[in-house]
Amino acid sequence: MANSQFRSFSADSLRSDRSAGDRARHRQKVRQAIRDNIADIVAEEAIIGRSGDKTVKVPIRGIREYRFAYGQNKPGVGTGEGDTVVGQTVGQGDQSGAGQGHGGNEPGQDYYETEISLEELIDIMFEDLELPDLERKKLRQVPSEHAFQRKGFRRSGIRVQLDKKRTALSRIRRKVARAETNAEAEQRFPFHKEDMIYRRLMPDTRPQSNAVVICMMDTSGSMDTTKKYLARSFFFLLYQFVRSRYVEVELVFIAHHAAAAEVTEDEFFHKGESGGTVISSAYQKALEVINERFHPSLWNIYAFHCSDGDNFPGDNDKTVQAAEALCEVSNLFGYGEIKPPGRGIFESSMLETFARIKADGFHALTIHGREDIWPGLKAFLQKDRAAQAVGGA
Amino acid sequence: MRSWDVDDLLAWDERIREKVDQFGLECFPQVFEICDEEQMLGYMAYHGMPAHYPHWSFGKSFEKLKTLYGYGVSGLPYEMVINSNESIAYLMRNNSLCLQILTIAHVYGHNDFFRNNYTFQATHPELTLSNFKSRADRVRRYAEDPAIGADKVEAVLDAAHALSFNCRHNAGVRKLSPAEQRERAIETARPPRDPHQDIHPTQDAPEPNLRRIPLEPEPDILLFIRDHNPYLTTWERDLLTIVHEEAQYFIPQIETKIMNEGWASFWHHRIVSSLDLPADLQMEFMVHHSQVVRPHPGSINPYYLGFRTWHDILRRCEQPTPEERERYGGPTDGMATLFRIREVDRDASFLRQFLSGRLMREMDMYEFGPEDDQYVVQRVADEDNWQQVRDTLINGVGMSGFPVIHIDDADYDGARKLHLSHAYDGRELELGQAEKTLAYLHRLWGREVVLETTLQDKPTRLRYDQDGFSSRPAA
C-alpha cells in the first residue's frame, strides 16, 4: 500500500492562531448577551457585596445555533448493565445523561456559565448605560506615571522607539533621489543615520479627578435586613460606577435614626439601630463632612440616601431645605425609597414631600425589590446625564 | 508509559502497515501530524480542516471544547482523521507510545472505510483540502470587500448554517434533473393503461401542472433558495453554495458514524493484537481498548455498538449457531462479508440488517421516553420487542435524527410565499428551534414562509412573515 508520512510538532514553530478572530467575535456576542441580561444578573445576589477583583460566574444562555430539530418527546435507545426492566428511571428529563448520545443531534440546552472578572462585568454594565463621559471638574493636573502618548517623530532616539516602516521609506526616498548614478544601483545601499526615524513619546498628562460617594442610610427600627440589602446593592453599584470614572474615590457612610453619625462601612451595613427617624439630621451631617473634607471645587460629590420614608412629620420642611443645600454642592443627590412589597403599606412616604424640590441633580426613586436596582441606578445616572446636557448647552 | 520519538512511530507505523496490507485493507496515503492540545482543539473546532472559512460558531465551539477539557469534563480524542486523499490524521503529542500505536492502527481503519464506503464516493477526497481552502478564500474575500463586509457575510452564514442539513439525506437516491422531473410529472398524470380502451369511453387525463415550482417536493432548501430567489446577490448565492457543499461533505460521516467507529475499533483491535507487543504495552493497550469500546450506560457509544456488531457479523459467518445455520446456511467467509458490508451500507441499513435480537439482548438495549420529568424505560429488547427498540434506534442514527422537510410550493397563494411540509413520523419539531429557523428561512427567501407540521397530534401551520412568527391549527 501507499506510504505514510509523519509531520512532527515543533514547539517553536510560529503558528497562526486562526481561531482568534472567531473567538473574539463569539466573545463579542457573549458580551452582548450579558448586556441584554444585565438587569437579571445584577438582581442576582452573587455579585452584590463582592469586593476586590474577584471573578464572577455569570450563567448566560450560550449563543445558540438553531436548526429544525425534534423536541423532547422523542424516544431514545440506550445500553444497560444487563438488568434493565421496563419502568426503570434512566435519567432526568432536563439535562439528562440519558438524553445525550442517541443520534447525537440533541439540540441541548445551550446554557453555560461564563466567568468574567467583576471589573469586566462592571464595564459591561456601564456600557449598557451608554453614558457619555461625565463632566470633569476643574482639577489638579496629575501626570500619570505610566502612560505615554505618541506625539510625532524625531531623528534621534533609542532603539525601541525606531519606526521601522518610516525608516525604510526614508531610505528608499534617499535611494530614489540618487537614482541617476545607475551603475551603483546593483550595489548595497545601506541605511544611513539620516534615515532613522524615531517615535517621539511624551508623558501623558490628563486631568485626573477625584470623587466622593456619600452613602446615607436610615437605620431606624423599621429598616430590616431586606431593606438594608437592597440599599447596600444600590450603594455598591453606585460606588462601582463612580470608581470606573474617577481615579480616586472616597466613601463616606452616614447612618441616622433620630440623630446622624459618620460610621464605618461595617457598622453602616450591620449595626442595627432603633428609634425614630429624622432625615434632616443625616443631610446636615453630610453637609458638615463636605465642608470639612471635600470641597466641591475639588471633588465630584455623589450623595445618595436610602430610607423607607417613614420620617418624623415635623422634620419634613427642614429635610427639604437640607436636601436643596446638598444638591447645590453635589453632582447628583438621590433619594431611594425602599418599599418591599407587602410591607410598609401603612408607612408614610417621603416621595410627595420631595416632589417640592426643584433643584437640578435631584432624583428620587422607589425600590420594591432586587429587580428595581439596576433600572433605578440607570434612571439615577441618566438624570445626571440630562443635567450634564443642560449644563453643557 | 514509554517515551517515544518520531523514529519510534515510524517503526511501529511500518509494522502496522504490513498488517494493514496483510489483512487486505485499502487505504489512501496517510499523513500523521503530531500536535499539542491547543492545536488539537483548533482542529476539532474546524472539523479537522487545515483551512476553513471563519465564523463565530467555530470560536464558540473552540471555547466550549476548551472549557470542557479544562474542567476535565471531557478528554481530548486520541486522534482525528479527515476524509481526504491523502488522508490526514492528528496525533496528540502527549499521548503514550501505546496510545500512539493504538491510534495509528485505528486511523488506518477509518482511512480504509473512507476510501471504500459508497456514501463517501461523491465527496471527491482528492479535492477535499483545496475545496475547503477555496471556500475559505471566497468567504474571506466577501468579508473583506468593503461593499459587503463581515457583518453581512455573517448574517447569511448564520441563516445558511441553520438550514444546512435540510437536504437530500440519502446519497443512494439520485436527484432528478428538471427535465426528468417534468417527464415524471407527465407520466404520473397520464391515466393507467386500460386494456379495454376500445370499449371504454375515453378517460379525461388530468392536465399535469408543469408550472408548479418545484415540480416535486424539494428537500435541498439552500440550493432551492439559491436558484429561485431572484433577489439574492452573487455573493449571497455563493455563500449558500459553500454551506451546502460543506454539509454534503460531512453528511457521509454522520450517516456512518457507528459503522465507521466500529470498523476502526475492530481493526485497531485486530492489528495491534497481532503485533506481539511487549508485555507492558500489551497491558496498557488492553486498558485503553476497553475504555474506547465500553458501553455508556443510558446512551449509545458508537464505538461499542459498532465494534460489537462487526464482531457479531464475523461470528455469525464463521461460527453460526445451529439455528442461524438453518436459516442462513453457512459457515461462510466472514472477512469477505465484512469487506462487502463496509462498502455498501450506512448506519441505518447496517443496523437494520445486522443488529440481531440476540446481540441486543447481550448489550441489554432498551428504549426510553420522557414521563413527567424523567426518562423511563418503556421497552427492553426482549423476544417480543427487540425489533421495535431497534427501529427506534435506527430513527435516531445518521441523518434520520434530523427532521425531513420539503419545499412543495414556491408560489403559495400566488404570492411567492414559500410553502414547506414536515414529514411527521410521530416525532414533533421543537417549536423554539423551528421559530428561529423559520426566521432565518424568511430572511433568505425574503417573503412569508409557511411550514405544515403536526404538534400534539394536530396538524399545525407555522408561519413567519414580516410581523414575525405565528403558529395555528391548520385549516
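Those protein sequence lines, which keep their order, are chains C and L.
Residues 1 to 393, numbered by my numbering, are exactly what the first sequence covers, in order.
Residues 1 to 475, numbered by my numbering, are exactly what the second sequence covers, in order.
Each residue gets a CB set at the ideal place from its N, CA and C atoms; glycine is no exception.
Mind checking who residue i pairs with in its DSSP beta bridge?
| i | result |
| --- | --- |
| tryptophan 299 of chain C | C:Asn210 |
| valine 450 of chain L | L:His419 and L:Arg463 |
| lysine 253 of chain C | It is phenylalanine, not lysine, that sits at residue 253 of chain C in the sequence shown. Note: phenylalanine 253 of chain C sits in a beta bridge opposite C:Cys215 and C:Val263. |
| methionine 80 of chain L | L:Tyr90 |
| isoleucine 34 of chain L | L:Leu91 |
| isoleucine 367 of chain C | C:Ile338 |
| arginine 7 of chain C | L:Glu33 |
| tyrosine 366 of chain L | C:Gly78 and L:Val380 |
| histidine 305 of chain C | C:Met216 and C:Tyr335 |
| arginine 154 of chain C | C:Tyr198 |
| glycine 91 of chain C | L:Tyr375 |
Does residue i get closer than 9 Å to chain C when you measure Cβ to Cβ?
| i | result |
| --- | --- |
| proline 146 of chain L | no |
| aspartate 345 of chain L | no |
| leucine 337 of chain L | Just to set this straight, residue 337 of chain L is threonine in the shown sequence, not leucine. No, because no Cβ of chain C sits closer than 9 Å to the Cβ of threonine 337 of chain L. |
| histidine 52 of chain L | yes |
| serine 356 of chain L | no |
| glutamine 387 of chain L | no |
| alanine 162 of chain L | yes |
| threonine 392 of chain L | yes |
| proline 477 of chain L | No information on residue 477 of chain L is available, as it lies outside the stretch 1 to 475 that chain L covers here. |
| methionine 363 of chain L | yes |
| aspartate 465 of chain L | no |
| proline 219 of chain L | no |
| phenylalanine 478 of chain L | Only positions 1 to 475 of chain L appear in the structure, and residue 478 of chain L is not among them; the question remains open. |
| isoleucine 300 of chain L | yes |
If residue i and residue j are in contact, beta carbons under 8 Å, what's the gap, nearest whole angstrom?
| i | j | result |
| --- | --- | --- |
| leucine 99 of chain L | histidine 244 of chain L | Not quite, the Cβ-Cβ distance comes to about 37 Å (not below 8 Å), so this is no contact. |
| tyrosine 283 of chain C | alanine 322 of chain C | 4 Å |
| arginine 212 of chain L | aspartate 36 of chain L | Actually they do not touch by this definition, with Cβ atoms about 56 Å apart. |
| glutamate 435 of chain L | tyrosine 70 of chain C | Actually they do not touch by this definition, with Cβ atoms about 15 Å apart. |
| histidine 161 of chain L | glutamate 120 of chain C | About 29 Å separates the two Cβ atoms, so there is no contact after all. |
| alanine 89 of chain L | leucine 65 of chain L | Not really, about 18 Å apart at Cβ, beyond 8 Å. |
| glycine 82 of chain C | aspartate 364 of chain L | 5 Å |
| glutamate 324 of chain C | alanine 359 of chain C | 5 Å |
| alanine 336 of chain L | histidine 106 of chain L | No, alanine 336 of chain L and histidine 106 of chain L are not in contact; Cβ-Cβ is about 23 Å, not under 8 Å. |
| methionine 80 of chain L | tyrosine 43 of chain L | 6 Å |
Can a CB atom of chain L be found closer than 9 Å to the CB of residue i?
| i | result |
| --- | --- |
| aspartate 12 of chain C | Note that aspartate 12 of chain C scores a pLDDT of 45, beneath 50, so its modelled location is shaky and nothing firm can be said. |
| aspartate 83 of chain C | yes |
| histidine 102 of chain C | Confidence at histidine 102 of chain C is low in this model, with a pLDDT of 32, below 50, so its placement is unreliable and no value can be given for it. |
| glycine 361 of chain C | no |
| asparagine 37 of chain C | no |
| valine 72 of chain C | Before going further, note that residue 72 of chain C is glutamine rather than valine in the sequence given. It does; some Cβ of chain L falls within 9 Å. |
| isoleucine 197 of chain C | no |
| isoleucine 63 of chain C | yes |
| serine 117 of chain C | no |
| glycine 93 of chain C | Residue confidence for glycine 93 of chain C is low, a pLDDT of 46 falling below 50, so the modelled location carries little weight; the figure read from the coordinates is stated next. With 9 Å as the cut-off, glycine 93 of chain C counts as an interface residue toward chain L. |
| lysine 29 of chain C | yes |
May I ask which residues mark the beginning and end of the beta strand (DSSP E) holding residue i?
| i | result |
| --- | --- |
| tyrosine 375 of chain L | 374 to 380 |
| alanine 410 of chain L | 405 to 412 |
| isoleucine 77 of chain C | Going by the sequence as given, residue 77 of chain C is valine instead of isoleucine. From DSSP, the beta strand (DSSP E) with valine 77 of chain C extends over 76 to 79. |
Along chain A, which residues have their Cβ under 8 Å away from the Cβ of residue i?
| i | result |
| --- | --- |
| asparagine 166 of chain L | No chain A is present in this structure, whose protein chains are C and L. |
Can you name the start and end residues of the alpha helix (DSSP H) that residue i belongs to?
| i | result |
| --- | --- |
| isoleucine 197 of chain C | Here isoleucine 197 of chain C belongs to no alpha helix (DSSP H), and DSSP marks it neither H nor E. |
| leucine 129 of chain L | 128 to 144 |
| serine 186 of chain L | The sequence given here places isoleucine at residue 186 of chain L; serine does not occur at that position. Run containing isoleucine 186 of chain L: 178 to 189, per the alpha helix (DSSP H) assignment. |
| leucine 68 of chain L | 56 to 70 |
| serine 471 of chain L | Here serine 471 of chain L belongs to no alpha helix (DSSP H); instead the beta strand (DSSP E) covers 468 to 473. |
| glutamate 292 of chain C | 279 to 293 |
| alanine 177 of chain C | 164 to 177 |
| asparagine 395 of chain L | 386 to 396 |
| isoleucine 242 of chain L | 234 to 255 |
| threonine 319 of chain C | 316 to 329 |
| glutamine 282 of chain L | 279 to 292 |
Does the beta carbon of residue i fall short of 8 Å from some heavy atom of the ligand HEM?
| i | result |
| --- | --- |
| tyrosine 198 of chain C | Among the ligands in the structure shown, none appear at all, so the ligand HEM cannot be discussed. |
With three or more C-beta pairs closer than 8 Å as the rule, is the stretch 292 to 306 of chain C touching the stretch 260 to 276 of chain C?
Judged by Cβ distances under 8 Å, the stretch 260 to 276 of chain C makes no contact with the stretch 292 to 306 of chain C, as fewer than three pairs qualify.
Taking one C-beta from the stretch 9 to 25 of chain L and one from the stretch 71 to 78 of chain C each time, how about it: are there three or more such pairs within less than 8 Å?
Between the stretch 9 to 25 of chain L and the stretch 71 to 78 of chain C there are fewer than three C-beta pairs closer than 8 Å, too few to call the two in contact.
For the stretch 105 to 123 of chain L against the stretch 215 to 222 of chain L, are there 3 or more C-beta pairs whose distance is under 8 Å?
They do not touch, by the three-pair rule.
Three-pair Cβ contact test at 8 Å for the stretch 81 to 100 of chain L versus the stretch 312 to 324 of chain L
Too few Cβ pairs lie closer than 8 Å, so no.
Segment contact flag, the stretch 362 to 373 of chain C with the stretch 224 to 239 of chain C, C-beta cutoff 8 Å, min 3 pairs
Flag = yes, the stretch 362 to 373 of chain C and the stretch 224 to 239 of chain C touch.
Between the stretch 134 to 149 of chain L and the stretch 182 to 191 of chain L, can you find at least three pairs of beta-carbon atoms closer than 8 Å?
Taking 8 Å as the limit for Cβ pairs, the verdict is that the stretch 134 to 149 of chain L does not touch the stretch 182 to 191 of chain L.
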